[in-house]
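The structure appears below as structure tokens.
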Amino acid sequence: MAFVNLQNVTYKYPLTKTPVLQNVNLQVNEGEFVSIVGPNGAGKSTLCYALAGFVPHFFKGEISGSIEVAGKESSKSTLDEWVLNVGLAFQNPFNQISGAKYTVFEEIAFGLENIGVPREEMKSRVEDAMALTGIRDLADRSPYSLSGGQQQRVALTSILVMRPKLLVLDEPTSQMDPIGTREVFGTIRKMAEEGMTVVLVEHKVEWIAEFADRVIALKDGSVMLEGKPNEVLTSDLLAENGFGISRYTSTAREAKKQGLWKKENLPVTLDEAVEGFALTLPSPQGRGESGK
Amino acid sequence: MKIEIKDLRFTYPTGLEAISGISLTITAGEQVAIVGQNGAGKTTLVRHFNGLLQPTSGSVLIGDWDTKKTSVAKLASRVGYVFQNPDEQLFSRDVLTEVTFGPRNLGYSKEKIDGLVKRALTLTELSDKTEANPYDLSPTWRKMVALASIIAMDTPIVIFDEPTTGQDAVNVARIANVIAELRSEGKTVITITHDIDFCAENFERVVALSKGRVLLDGPAREILGQEEILAQTYVDPPQLTRLGKRLGFKETVRNQDEFLKALK
């Protein structure tokens, strides 16, 4: 039995005319790191809300089908039971920050306070979580005095500290610098290896290819394609349907047309691109310079 | 219109020094991308251009106006600033009112306002959404409303703070198109971005900030190839630039055409 199991989920917000999710079937195994890609409006954030219980418990609206996480059925649970298993980092960190706390340290402790974690344990968990995401130096700052990327790290930390079994992340690095992004992806990968199940919505496909186990392509509220990262992310279907694709993929696709890409598979990551294009270059130029 | 920044320093009331001595000149019609790690001072810097922040020391000149002696309302006729988060910017009950608000405040004639609003809505592909409440639109379209409401003010200087954040490929192309249009009209466009590929494909000049100072400043081709220095401010060169380097190309390549040419 999959750890996350969505069966024929169709959902409509109270004021919209058409369903945002249409017959979504999705299974994720325990400890798996799955990434969801799709154009704006595909239903990615709504799917995150459904996994986190906000759909339908908070947003209301009409839902059919079933959503199960860790053996529990969403429609038979309350939101306060649900949050013990599932944590969601919002797309916009500004909307997630409580507004009730003066410092980053207190903000991160907020969720633990609400579930009644003892004071000493709370302190050490907050310390550990801040060390994990590299924000110890922000502990005494006001959450509202931070830059967008720093706020995003705080939002992520305040979810990680809850140690959810299922971690749902809606573009957690959208406002981060590239190296910060890589660090966060590394942290998430590590959490998955320690047994946390991860569902990540993301536009940065190069990093997905490097870190995720599986990719699900969502379009108009339905699953269009799923599979191994390289297979899905280099599919012609993605390019034709307005999905973001890596420059390595699009350039190699063009090169292939001109006979300048000799491999069968197209690349998504830098290493894949270097390996493939090296076959095109006349030796010895460019060989053995695979730097870092 | 020229922007002149001289020995700018800025300290937040909390005591945090965000800008530690920046001097920079941006000439009329330039397209400049500002890059750098989170907390480098990018947003703090551009908020000096329209007077939202005042220098702790040093000065910022917008044309012949010193921002210390000019009101934010007056500066708004020269500098348009699109916020990083549209939710901090939008307040009207429908898109048309929102986009009309800026040019009307600048006291343009009715004909001019109508023309500017129409053009802004067309450029941002919002013409069929004028009656919608911005908060009923998806975050993608809210971003476009934020863009439209600034473009409609027809200021000689336009600033975008992370315009591509959370946008899909189609919308990034739309935003690139808006920037190209502003360039063709001779406007100065300054963009803060972490999307270094977007930067490489749309901007001629790059300023990299680190810890409140200018780390690098120059033509995109020269700046974006300097992997080791950029790493100091947590920026990676563009994907195809990195690929070209790894393949041993002598020239710095920035886009697909340049890459394929170098490959042949």
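Quick note, the sequences are listed as chains A and B, same order.
Each step along the first sequence adds one to the number in numbering that gives the first Met the number 0, with nothing skipped, and position 239 is 238.
Each step along the second sequence adds one to the number in numbering that gives the first Met the number 0, with nothing skipped, and position 85 is 84.
Glycine included, C-beta positions come from ideal geometry on N, C-alpha and C.
As the structure is a prediction and not an experimental result, all values here were calculated from the model.
- The C-beta of leucine 89 of chain B comes no closer than 8 angstroms to any C-beta of chain A.
- Within the segment 125-159 of chain B, the residues whose Cβ lies closer than 9 angstroms to any Cβ of chain A are, in chain order, Asp135, Ser137, Pro138, Thr139 and Trp140.
- Taken in chain order, the complete alpha helix (DSSP H) segments of 4 or more residues contained in the segment 85-114 of chain A are 92-95 and 103-113.
- Taking the CA atoms as reference points, threonine 180 of chain A sits about 28 angstroms from glutamate 250 of chain B.
- Across the structure, lysine 262 of chain A and valine 214 of chain A are spaced so that their CA atoms are roughly 22 angstroms apart.
- Listed in chain order, the non-local C-beta contacts of glutamine 6 of chain A below 7 angstroms within the same chain comprise Asn24, Gly64 and Ser65, local neighbours out to five positions each way being set aside.
- Cβ-Cβ separation between lysine 1 of chain B and isoleucine 25 of chain B: approximately 7 angstroms, consistent with a contact (criterion under 8 angstroms).
- The beta carbon of glutamate 205 of chain A falls within 8 angstroms of a beta carbon belonging to chain B, placing the residue at that interface.
- Using beta-carbon distances, tyrosine 247 of chain A counts as an interface residue toward chain B, with a partner under 8 angstroms.
- According to the DSSP assignment, arginine 204 of chain B belongs to no alpha helix (DSSP H) but to the beta strand (DSSP E) extending over 204-209.
- The beta carbon of glutamine 88 of chain B sits closer than 7 angstroms to those of Phe82 and Ala145, all from its chain and outside the five residues before and after it, given in chain order.
- DSSP, read as helix, strand or coil, puts isoleucine 178 of chain A in helix.
- For a Cβ distance threshold of 8 angstroms, residue set Asp167, Ala168 and Val169 of chain B lies close to proline 38 of chain A, ordered along the chain.
- Chain A has no Cβ within less than 8 angstroms of the Cβ of phenylalanine 48 of chain B.
- Linking arginine 245 of chain B to alanine 261 of chain B through their CA atoms gives a straight-line distance of about 13 angstroms.
- Apart from the 5 residues on each side of it in sequence, threonine 186 of chain A sits with its Cβ closer than 7 angstroms to the Cβ of Leu131 and Thr132 in its chain, given in chain order.
- With a threshold of 16 other beta carbon atoms within 10 Å, serine 183 of chain B falls short and is exposed.
- Taking a C-beta distance under 8 angstroms as the contact criterion, glycine 224 of chain B and isoleucine 149 of chain B do not qualify as a contact pair.
- Listed as beta-bridge partners of alanine 216 of chain A by DSSP are A:Val36 and A:Leu224.
- Taken through DSSP and simplified to helix, strand or coil, asparagine 4 of chain A comes out as strand.
- Annotation: valine 45 of chain B has no Cβ neighbours in chain A at a cutoff of 8 angstroms; minimum Cβ distance is about 13 angstroms.
- Against phenylalanine 242 of chain A, the close residues of chain B are Asp167 and Ala168, in the order they occur along the chain (beta-carbon pairs closer than 8 angstroms).
- In this structure, DSSP gives asparagine 84 of chain B a state outside helix and strand, which the three-state scheme calls coil.
- Taking glycine 28 of chain B as the centre and dropping the five residues before and after it, the same chain places the C-beta of Arg182, Gly185, Lys186 and Thr187 closer than 8 angstroms to its C-beta, in chain order.
- Within the same chain, Cβ atoms closer than 6 angstroms to the Cβ of arginine 46 of chain B are found at Leu52, the five residues on either side in sequence being excluded.
- Against chain B, the CB of phenylalanine 93 of chain A has a partner CB under 8 angstroms away; the residue lies at that interface.
- Here lysine 255 of chain A carries a helix assignment [DSSP, helix/strand/coil].
- Counting only the Cα atoms, valine 85 of chain A lies some 27 angstroms from aspartate 135 of chain B.
- Between methionine 223 of chain A and leucine 232 of chain A, the CB-CB gap reaches or exceeds 8 angstroms.
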